[in-house]
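The opening position of the sequence shown corresponds to residue 1 in UniProt numbering, with each subsequent residue numbered one higher.
For reference, the structure is listed below as structure tokens.
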Amino acid sequence: MVERGDSAPLLRWAQGPAVSPPQAPELQAGGRGWGSGGGGRPAAELPRRREPEELGASEVLLQPGRLELGDVEEDQVVAVFVVTFDPRSGNMVEWCLPQDIDLEGVEFKSMASGSHKIQSDFIYFRKGPFFGLACFANMPVESELERGARMKSVGILSPSYTLLYRYMHFLENQVRHQLETPGHYSHLAAFYEDKKGVLHASPGRGSSLPPVYWLPSIHRYMYPEMKITHPAGCMSQFIKFFGEQILILWKFALLRKRILIFSPPPVGVVCYRVYCCCCLANVSLPGIGGTVPESKPFFYVNVADIESLEVEVSYVACTTEKIFEEKRELYDVYVDNQNVKTHHDHLQPLLKINSADREKYQRLNEQRQMLLYSQEVEEEYNPCEEDLFVLRGRW
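This is the structure:
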């Protein structure tokens, strides 16, 4: 079996069977649906849902879905933009639609600090209530005015990061186009007109999620965002990278601590680590799902985000700026490469790998091998690796 790397976008494909949302009356009032995106086409009518206690163990694990994920969320691109590096002025927004949207700070979020040292990258970030994806590219040019290099990023904003993966390839092509033929925005303008979304007021936004009984398999207790944004091979690479340290991260994620991951560019793969940390925590178990705050993925942050991070009680983010390590008031857990550390005395014991952790890690690897085997023989039930943490969380 050829193993997928974690350089794929969030997401080029969806693992596991397709899913079917229930009819609206079955949802609890005040809940929110698939991310922050708009509603999709009407769902197929489902038979009466049986509660978990009515189902046998095999039925709980093997309930199939019915609709494709694309039937759930519609396009909601609220902005498209081009950011450039000017040798005299620094990072700046070169062009955007709509022209009146607030993009303050996006010029730094979409072009990570230190990007001049690499040829290309992709960056997930957060801008107010929106999530962004930008593709960066660096092209050598014979121009003294540009100091031998032309650097640009092309990106979009959406209310939901679950939608962003759809446009990765388009953004990669467009940033190359902007480098080779600067100032030509017709393709981007046409894209915005085709994909722009209309935002509606959501009075229930921010409240707890309703029980996700309609998700297939073990995913019935996972946030829907976590199911459909999984990049190919992301969790597998995440586990390999951290090894036993993943148990430490899991504890901090379950405690909803402020986790900041440092890495030099490229930052795209590090954004996946942010996502995976949220996967470790965003498991809504019966009876406690509404009482635990959601683990927030901030993805890439820089010094311009310091003020907003100061008021957050729980988040997961990544940065390329080493100065954050000195600002201990902003985080509880600091991750540098595979080194996980905390400056809080009461959290120090959680940094130690004990025998129970090693046993869990061994059993996790055993189940991962079983998962890989089941995928190789193409069994009907092919869970993804987040499932293993859902199972662990129910111990």
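Here a beta-carbon is modelled for each residue, glycine too, at the ideal position from N, C-alpha and C.
*residue 192 versus residue 166 - alpha carbon distance*: Between residue 192 and residue 166, the C-alpha separation is close to 14 Å.
_At least 3 beta-carbon pairs within less than 8 Å: the region 110-121 vs the region 79-95_ = yes
*So is residue 157 buried or exposed if we call it buried at 16+ other beta carbons inside 10 Å?*
buried
_Taking the beta carbon of residue 320 as the centre, do at least 16 other beta carbons fall within 10 Å, making it buried, or is it exposed?_
buried
*Let me know if residue 148 comes out buried or exposed under the rule of 16 or more other beta-carbons within 10 Å of its beta-carbon.*
Its Cβ having fewer than 16 others within 10 Å, residue 148 is exposed.
*Could you confirm whether any beta carbon from chain C is found closer than 8 Å to the beta carbon of residue 121?*
No chain C appears in the structure shown, which is made up of a single protein chain.
*asked:* Going by DSSP in three states, residue 165 sits in which element: helix, strand or coil?
replied: Residue 165 falls in the helix class under three-state DSSP.
*asked:* Relative to the C-alpha of residue 261, which candidate in 358, 151, 187, 331 has its C-alpha closest?
replied: 331
*Provide the residue(s) that pair with residue 92 in DSSP beta bridges, ordered along the chain.*
84
_If you measure between the beta carbons of residue 274 and residue 252, is that distance less than 8 Å?_
Not in contact: residue 274 and residue 252 (Cβ atoms no closer than 8 Å).
*So, residue 130 versus residue 175, is the Cβ gap smaller than 8 Å?*
no
_Contact belief for residue 160 with residue 76 at Cβ below 8 Å, rounded distance in angstroms_ = 7 Å
*How about residue 334 and residue 325: do their beta carbons lie closer than 8 Å?*
yes
*Output yes or no for whether 8 Å exceeds the beta carbon distance between residue 295 and residue 278.*
yes
*With DSSP run on the structure shown, which of helix, strand or coil describes residue 111?*
coil
_For residue 132, three-class secondary structure by DSSP_ = strand
*asked:* Using only the alpha-carbon positions, how far apart do residue 406 and residue 242 sit?
replied: A question about residue 406 goes unanswered here, because the residues of the chain that appear run from 1 up to 395.
_Report the CB separation of residue 171 from residue 133 in whole angstroms; it is logged as a contact under 8 Å._
7 Å
*Is residue 323 buried or exposed, if buried means 16 or more other CB atoms sit within 10 Å of its CB?*
exposed
*asked:* Which residue wins for smallest C-alpha separation from residue 153, given the options 356, 368, 93, 78?
replied: 93
*asked:* Given this structure, state the Cα-to-Cα distance separating residue 308 from residue 125, to the nearest angstrom.
replied: Going from the Cα of residue 308 to the Cα of residue 125 covers about 13 Å.
_Please state the DSSP three-state secondary structure of residue 264._
coil
_Cβ-heavy atom distance, residue 368 to the ligand PLP, below 7 Å_ = Here there are no bound small molecules, and the ligand PLP is not part of this structure.
*Please name the residue, chosen from 341, 345, 361, 301, that lies closest to residue 128 on a Cα-to-Cα basis.*
Ranked by Cα distance from residue 128, the first of 341, 345, 361, 301 is 301.
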